[in-house]
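Residue numbers (this note's numbering): 892 to 1224.
Glycine residues also receive a C-beta, built at the ideal position from the N, C-alpha and C atoms.
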Ligand code: GUN
């Protein structure tokens, strides 16, 4: 029996693509994230033989419940990769100066290769000032203007790239390879122009020679733009904003949105249930897309995996490592 194009792609994908109830294949971000984490852990094991251990410091200020959950997951992933992992908890009353002092201390700590200051910071603290104080060489969030600039001039390999677009790009590359989809020359539409996702995503796609359009809240005729997109990345943070009818037949769809909406019924404690949805109407999109990331289980798991990958990247070229392979991307600062 001859297999269909979708079946062939699924077989070629090493379990990354799986069938859906519709035409589209589902891109399994959880599986890809596990592969990235396993690859990172394997490299860390090799480094351990020479007595070297990458170190990640996470700074958490205040008591935002969601931040606590995220930071815990980051620490767990760091430990599972074999990193030296430290978490600095600061009270909500901490001053900007105290946060800056801690960042400075971590900048000059040779056992720390990656620094992440969890956002949002407590009221009254200038986040940009704190983020800009992190050494670009240790900026595993990729938010420092030096890393933003490196990405902007196409030095993608040298830059520490923000984790969500970096993870989205890994999903695109893996899915494209299995599907026989050419990113080079394709029409890519990025919905959303945030500094953390939309803009770096567009830069990464441009670096892969896609024809990139960035659309945003003021863009005219979104259905027309989307209808021409071979590759659509939705990063607007608006639940189900993209209906299936906008999607070009066979397009590759990456849904970055993670939106909590009311669900059906109540939970065990009597509270109304909620559920997570993306920026794309998933059920409708299944009937038109060639492949799509689900929410949850798509881009979400990739973010922490790429944080680990960035930490390893920073550690491998850190100026404090006594290794001839050390590079001086950041001038040894
Ligand atoms: N808060 C929510 N997401 C992030 C992230 O990716 N990095 C940082 N530093 N804070 C966050």
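Residue burial classification, residue i (beta-carbon count within 10 angstroms, cutoff 16)
i: residue 882; result: Outside the shown range of the chain, which is 892 to 1224, sits residue 882, and nothing can be said about it.
i: residue 904; result: buried
i: residue 1108; result: exposed
i: residue 1181; result: buried
i: residue 939; result: exposed
i: residue 980; result: exposed
i: residue 1185; result: buried
i: residue 1194; result: buried
i: residue 1198; result: buried
i: residue 1172; result: buried
i: residue 931; result: buried
i: residue 1157; result: exposed
i: residue 952; result: buried
Bridge partners - residue i, DSSP secondary structure assignment
i: residue 975; result: 946
i: residue 1150; result: 1168
i: residue 1053; result: In DSSP, residue 1053 forms no bridge with anything.
i: residue 1103; result: 1079
i: residue 1163; result: 1157
i: residue 1003; result: Per DSSP, none; premise fails for residue 1003.
i: residue 928; result: BP columns for residue 928 are empty, so no partner.
i: residue 951; result: 980
i: residue 1133; result: 1171
i: residue 1183; result: 917, 1144
Secondary structure of residue i, DSSP reduced to three states
i: residue 909; result: strand
i: residue 1030; result: strand
i: residue 1156; result: strand
i: residue 1127; result: coil
i: residue 998; result: helix
i: residue 1122; result: strand
i: residue 1012; result: coil
i: residue 1025; result: coil
i: residue 1063; result: helix
i: residue 1178; result: coil
i: residue 1144; result: strand
i: residue 915; result: coil
i: residue 1138; result: coil
i: residue 980; result: strand
i: residue 1087; result: coil
i: residue 962; result: helix
Nearest neighbour of residue i, chosen from the options [CA to CA]
i: residue 1007; options: 993, 989, 1031; result: 1031
i: residue 1013; options: 1028, 956, 1036, 963; result: 956
i: residue 1149; options: 1176, 1124, 1190; result: 1190
i: residue 1179; options: 998, 1071, 993, 917; result: 917
i: residue 1170; options: 1074, 943, 1126; result: 1126
i: residue 1146; options: 960, 1058, 1003; result: 1058
i: residue 1052; options: 1005, 1077, 964; result: 1005
i: residue 900; options: 1086, 1066, 1048, 1033; result: 1066
i: residue 1084; options: 1016, 927, 1104, 1188; result: 1104
i: residue 1089; options: 1060, 997, 1142; result: 1060
i: residue 1136; options: 1129, 1152, 1151, 1119; result: 1119
i: residue 1114; options: 1139, 1096, 1091; result: 1139
i: residue 1168; options: 1155, 1187, 1159, 1161; result: 1187
CB contact check: residue i to chain D, cutoff 8 Å
i: residue 1145; result: The structure shown contains no chain D; it is built from a single protein chain.
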